[in-house]
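Take the sequence shown: its position 43, counting from 1, is numbered 251 in the numbering used here, and each next residue is one higher. Yeah, the Cβ is synthetic: ideal placement off N, Cα and C, and Gly gets one too. Everything below concerns the one structure shown next.
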Amino acid sequence: MRMNAEFIMLNHFSQRYAKIPLFSPDFNEKVGIAFDHMKVCFGDFPTVPKLIAPLKALFAGDIEEMEERREKRELRLVRAALLSNEQVDSEPQQKPAHAEEPQSPQRKKVRAK
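Written out as structure tokens, the structure reads:
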């Protein structure tokens, strides 16, 4: 939407993936979707966005399922990020290789005269 396009046509949905895209709040009169065997002319662009409401109703079950999957995926990502942060925090801090440990007075070597 930030590219100031006059119209955006989303197409080429796969049977392997979603039947319909998840509609974001950015969908407006400048966004339309097309399916296989659908013929859309430039003059049809103002009409195409009007199909979104009926498509949402037609695919309501699929949209709900996709939203649930998205929420689960987002939760998994958040959990994974939290777990990785916890693992980093629980790992012992390694001392730099170049730093020498201070010696205690008992460990000092005594030179014999």
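For Ile-241, the enclosing beta strand (DSSP E) has its first and last residue at 239–241.
Note on Val-239: 16 or more other CB atoms within 10 angstroms of its CB, so buried under the neighbour-count rule.
In the structure shown, Met-211 adopts coil according to DSSP, grouped into three states.
Note on geometry: alpha-carbon atoms of Glu-237 and Asp-270 lie some 23 Å from one another. If you look at Ile-216, you'll find it in the beta strand (DSSP E) that goes 216–218. In the pairwise beta carbon analysis, the stretch 240–251 is classified as touching the stretch 212–222: at least three pairs are separated by under 8 Å. Contact between the stretch 244–251 and the stretch 265–280 is absent: fewer than three C-beta pairs spanning the two stretches fall below 8 Å.
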